[in-house]
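Visitor: Below you'll find the structure I mean.
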Amino acid sequence: MARLFADKAWLADGWRRNVRLTLEAGHIAALETGAKRAPADDAVALLVPGLVNAHSHAFQRAFAGRSEFRGPAGTDSFWTWREQMYGLAGRIEPRALAAIAHQAYTEMVASGYTSVAEFHYLYRDPSDPAVVDAMLAALVEAADASGIRLIYVPVLYERGGFGGQALSSGQARFALPFDAYVDHAERAARFLGPAHSLALGAHSLRAVTPDSLRRIAALARERALPMHVHVAEQRLEVEDCLAVTGARPVQWLLDNLDVDARWCLVHATHLDREELARLAGTGAVVCLCPSTEGNLGDGLFPLAAWLEAGGRMAIGSDSHVTIDPREELRWLEYGQRLQQEKRNVAAAPDRGTGARLYSAAVEGGAVAAGLPAGPGIATGMPADLVALDAGCAALAGHSEATLLDALLFCGQPSPIERVMVAGAWRVVDGRHATGADTLRRYAATLASLYDGPGG
Ligand SMILES: [Zn+2]
């Protein structure tokens with residue numbers, strides 16, 4: 000049992016002073032406000048809950064910054080990016096995945112993410128269970144080494160489009176047959192151990208058949224697991240879905256499946272008014288990935304209407320063009336401001352934009368991860384915590400009314416001083432313990448991926 004004392008901590012109802020936490024077995028066993036600090040207490044100035052990174056493709060960390068040249072046709076889009084990304088995916092074996100994911104997960108923990116939902120379809124050789132499991136083992140190795148909590152989301156991928164098109168050669172390495180997918184998920188559940196957990200995923204409506212989607216959803220329901228799916232990221236996807244099924248993607252999901260609070264819809268960028276109202280009412284989480292959605296030119300999610308309707312949201316760093324929850328949340332709001340020519344789109348009547356977005360992402364992220372969820376630090380939650388440096392220039396002079404707004408909207412430097420996952424400090428004095436070695440191995444891996452044979 001350990002005790003952690005915070006001068007100020009962000010709880011479900013906002014900042015509270017003199018908060019003393021009792022930590023036991025990686026969880027918050029007790030919480031007292033207006034408490035007295037005991038000499039043996041570990042002490043911090045400002046304490047906020049860590050965030051769940053609710054959508055990651057760890058291998059794409061190795062692709063960041065490598066698709067920013069315009070192609071000869073001048074028609075660069077999500078779809079041309081995807082072809083380039085497949086080129087990298089084809090070269091990644093388990094050792095490379097471990098090195099890349101270790102770097103990505105270390106950056107996540109250093110920036111205040113304490114859990115990651117890894118939406119994984121890079122099985123490399125779907126016909127060989129040993130290879131499929133080795134890719135999972137690489138992710139778990141990276142999670143353990145970085146200290147992040149892994150929510151492993153094995154993903155079914157079985158076709159090239161809504162019309163049942165065959166998989167391209169680039170997609171073939173993603174395609175586990177349905178029964179092999181279920182077997183792999185069963186083995187993963189056993190392999191993950193108590194530190195990590197399992198969710199289930201279908202790549203998208205275009206990449207799985209309606210029947211398979213129903214079967215995975217039924218399995219997720221039976222096992223009480225979160226269910227993740229990409230949806231309505233691109234307009235073309237909406238048009239293709241309409242052409243083949245007569246319904247828009249989210250409309251189709253709502254008409255054909257029991258979407259509820261266990262569902263995490265990744266992107267959900269292109270929603271019409273009716274889909275938005277119906278989806279918000281289900282309690283499902285939308286996972287927004289503003290840096291990736293911006294990088295890929297996806298479009299803007301209707302955030303103001305979603306929050307107005309009581310919708311839940313999480314954030315994800317997805318393709319990892321940036322790994323920083325402050326930047327994701329900042330750009331989530333800035334996209335809306337630029338589009339609407341307004342300010343403080345996500346602010347609540349009683350709460351600034353930063354406080355509203357941070358709290359919403361804490362709660363929605365935990366729901367998407369299948370963890371105990373709430374908008375602030377509370378008893379019974381995992382001890383996944385971030386201590387902020389009250390003396391950092393970003394926070395200097397701010398009081399409770401504006402601290403979380405300053406965290407998101409006060410630029411650099413990062414005020415993150417210490418990060419705890421499951422009761423263990425992984426970042427101390429603003430630095431992750433494994434930094435230099437992780438980077439060396441990552442750099443060597445990049446060199447072999449891009450400069451070596453086949454690079
Ligand atoms: Zn994704």
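With the first letter of the sequence shown counted as 1, position 96 gets the number 95 in numbering that gives the first Met the number 0; the numbers rise by one all the way through.
Quick reminder that beta carbons are idealized off the backbone N, C-alpha and C, glycines included.
Give the straight-line distance between the Cα atoms of Tyr141 and Gly245, rounded to the nearest whole angstrom.
Guide: In the sequence shown, residue 141 corresponds to position 142, counting from 1. In the sequence shown, residue 245 corresponds to position 246, counting from 1. The amino acid at residue 141 is misidentified as Tyr; the sequence shows Ala. Straight-line Cα distance between these residues: approximately 43 angstroms.
Visitor: Any idea what DSSP makes of Gly280, helix, strand or coil?
Guide: For this step, residue 280 is matched to residue 281 along the sequence shown. It is helical.
Visitor: Please name the residue, chosen from Val18, Arg15 and Glu23, that lies closest to Ala423 on a Cα-to-Cα basis.
Guide: Taking the sequence shown and counting its residues from 1, one reaches residue 423 at position 424. Closest option to Ala423, Cα to Cα, is Glu23.
Visitor: I'd like to know if the segment 351–358 and the segment 145–161 are in contact, where contact means that at least 3 CB-CB pairs between them fall below 8 angstroms.
Guide: no
Visitor: Only counting the same chain, and skipping five residues up and downstream in sequence, which positions put a Cβ closer than 8 angstroms to that of Ala39?
Guide: Locating residue 39 in the sequence shown gives position 40, counting from the first residue. These residues qualify, in order along the chain: Arg2.
Visitor: Taking Cys240 as part of the alpha helix (DSSP H), name the residues at either end of that continuous run.
Guide: Your numbering for residue 240 matches position 241 in the sequence shown. Per DSSP, Cys240 belongs to the alpha helix (DSSP H) from Arg234 to Thr244.
Visitor: Label Met0 either buried or exposed according to how many other C-beta atoms from any shown protein chain fall within 10 Å of its C-beta, with 16 as the threshold for buried.
Guide: Residue mapping note: residue 0 aligns to position 1 of the sequence shown, counting from 1. By the 10 Å Cβ count, Met0 comes out exposed.
Visitor: Taking all protein chains shown into account, decide if Glu292 is buried (16 or more other Cβ within 10 angstroms of its Cβ) or exposed.
Guide: Position 293 of the sequence shown, counted from the first residue, corresponds to residue 292. Counting other Cβ atoms within 10 Å of its Cβ, Glu292 reaches 16 or more and is therefore classed as buried.
Visitor: Of the choices Ala57, Arg213 and Trp305, whose alpha-carbon is the least far from that of Ala276?
Guide: One-based indexing of the sequence shown puts residue 276 at position 277. Ranking the options by Cα distance to Ala276, first place goes to Trp305.
Visitor: If you pair each beta-carbon of the segment 400–410 with each one of the segment 80–92, do three or more pairs fall below 8 angstroms?
Guide: Touching, no, given that fewer than three Cβ pairs across the two stretches are closer than 8 angstroms.
Visitor: Starting from Ala5 and walking both ways along the beta strand (DSSP E), at which residues does that stretch end?
Guide: Within the sequence shown, the letter at position 6 stands for residue 5. Where Ala5 is concerned, the enclosing beta strand (DSSP E) stretches over Ala1 to Leu10.
Visitor: State yes or no: is the C-beta of Phe4 nearer than 7 angstroms to some heavy atom of ligand 1?
Guide: On the sequence shown, residue 4 is found 5 positions in, with the first residue counted as 1. Not so, every heavy atom of ligand 1 lies at least 7 angstroms from the Cβ.
Visitor: Between the Cα of Arg425 and the Cα atoms of Val385, Ala389, Ala446 and Tyr441, which residue gives the shortest distance?
Guide: Within the sequence shown, numbered from 1, the residue matching residue 425 stands at position 426. Taking only the C-alpha atoms, the option nearest Arg425 is Val385.
Visitor: To the nearest angstrom, report how far apart Gly454 and Arg123 are at their CA atoms.
Guide: Within the sequence shown, numbered from 1, the residue matching residue 454 stands at position 455. Within the sequence shown, numbered from 1, the residue matching residue 123 stands at position 124. Since pLDDT at Gly454 reaches only 46, below the 50 mark, its modelled position is unreliable, and the value read off the structure follows with that caveat. Computed Cα separation, rounded: 17 angstroms.
Visitor: Use the C-beta contact count for Pro414: other C-beta atoms within 10 angstroms, 16 or more gives buried, fewer gives exposed.
Guide: As a first step, residue 414 must be located in the sequence shown, where it is residue number 415. Pro414 comes out buried.
Visitor: Secondary structure at Ala231, three-state DSSP: helix, strand or coil?
Guide: Looking up residue 231 in the sequence shown gives position 232. Here Ala231 sits in coil by DSSP.
Visitor: Could you pull out every residue in the same chain whose Cβ sits closer than 7 angstroms to the Cβ of Val320, ignoring the five residues on either side in sequence?
Guide: By 1-based counting over the sequence shown, the position of residue 320 is 321. So the list reads Ala63, Ser290, Thr291 and Asn294, once near-sequence residues are dropped.
Visitor: So, do the segment 90–104 and the segment 48–68 have three or more beta carbon pairs nearer to each other than 8 angstroms?
Guide: yes
Visitor: Cutting at 6 angstroms between CB atoms, please list the residues of its own chain near Leu166, excluding the five before and the five after it.
Guide: Looking up residue 166 in the sequence shown gives position 167. Excluding sequence positions up to five before and after Leu166, its CB lies within less than 6 angstroms of the CB of Gly159 and Ala174, all in the same chain and listed in chain order.
Visitor: Is Asp297 close to ligand 1? I mean its beta-carbon at under 7 angstroms from any heavy atom of the ligand.
Guide: By 1-based counting over the sequence shown, the position of residue 297 is 298. No, ligand 1 has no heavy atom inside 7 angstroms of this Cβ.
Visitor: What first and last residue would you give for the alpha helix (DSSP H) that runs through Ala188?
Guide: One-based indexing of the sequence shown puts residue 188 at position 189. It spans Phe177 to Leu191 - the alpha helix (DSSP H) in which Ala188 sits, taken as one unbroken run.
Visitor: Take Cys409 as the anchor and find which of Leu253, Pro225 and Trp330 has the nearest alpha-carbon.
Guide: Indexing the sequence shown from 1 puts residue 409 at position 410. Ranking the options by Cα distance to Cys409, first place goes to Trp330.
Visitor: Closest to Asn17 by C-alpha separation, out of Ala28, Thr352, Glu221 and Ala37, would be which residue?
Guide: Here residue 17 refers to the residue found at position 18 when the sequence shown is read from its first residue. The shortest C-alpha separation from Asn17 is found at Ala37.
Visitor: Would DSSP call Asn17 helix, strand or coil?
Guide: Here residue 17 is taken as the residue at index 18 of the sequence shown, counted from 1. The three-state reading of DSSP puts Asn17 in strand, counting E and B together.
Visitor: Could you tell me if Pro125 is buried or exposed, where buried requires 16 or more neighbouring beta carbons within 10 angstroms of its beta carbon?
Guide: One-based indexing of the sequence shown puts residue 125 at position 126. Around the beta-carbon of Pro125, 16 or more other beta-carbon atoms lie within 10 Å, marking it buried.
Visitor: Beta-carbon within less than 6 angstroms of Asp323's beta-carbon, same chain only, minus the 5 sequence neighbours each way: which residues are those?
Guide: Position 324 of the sequence shown, counted from the start, is the residue given in the question as residue 323. The answer, listed in chain order, is Ser110.
Visitor: Between the C-alpha atoms of Val366 and Val230, what's the straight-line distance to the nearest angstrom?
Guide: Within the sequence shown, numbered from 1, the residue matching residue 366 stands at position 367. Within the sequence shown, numbered from 1, the residue matching residue 230 stands at position 231. Val366 and Val230 have their C-alpha atoms some 18 angstroms from each other.
Visitor: Counting along the chain, where does the alpha helix (DSSP H) carrying Thr291 start and finish?
Guide: Here the question's residue 291 lines up with position 292 in the sequence shown. Thr291 -> alpha helix (DSSP H) spans Pro289 to Leu295.
Visitor: Taking any heavy atom of ligand 1 as the mark, which residues have a C-beta closer than 6 angstroms to it, listed down the chain?
Guide: Those residues are His54, His56, Phe118, His229, Val265 and Asp317, given in chain order.
Visitor: Can you tell me which of His397, Asp178 and Ala393 puts its alpha carbon nearest to the alpha carbon of Gln411?
Guide: One-based indexing of the sequence shown puts residue 411 at position 412. Of His397, Asp178 and Ala393, the residue nearest in Cα terms is Ala393.
Visitor: Following the continuous alpha helix (DSSP H) through Ser358, name the residue where it begins and the one where it ends.
Guide: If you number the sequence shown from 1, residue 358 lands on position 359. Thr352 to Ala368 is the span of the alpha helix (DSSP H), which, as asked, contains Ser358.
Visitor: Can you give the Cα-Cα distance for Arg65 and Met419, rounded to whole angstroms?
Guide: Within the sequence shown, numbered from 1, the residue matching residue 65 stands at position 66. Within the sequence shown, numbered from 1, the residue matching residue 419 stands at position 420. Going by the C-alpha atoms only, they are around 32 angstroms apart.
Visitor: Could you spell out the range, first to last residue, of the beta strand (DSSP E) harbouring Ile150?
Guide: Here the question's residue 150 lines up with position 151 in the sequence shown. Per DSSP, Ile150 is one residue of the beta strand (DSSP E) stretching across Arg148 to Leu155.
Visitor: In chain order, what are the residue ranges of uninterrupted beta strand (DSSP E) at least 3 long that sit wholly in the segment 302–358?
Guide: 311–314
Visitor: Residues in the same chain with beta-carbon distance under 7 angstroms from Pro301, minus the five sequence neighbours each way, listed in chain order, please.
Guide: For the purposes of this step, residue 301 is taken as residue 302 along the sequence shown, with counting starting at 1. Excluding residues within five positions, the ones whose Cβ falls inside 7 angstroms are Leu270 and Leu275.
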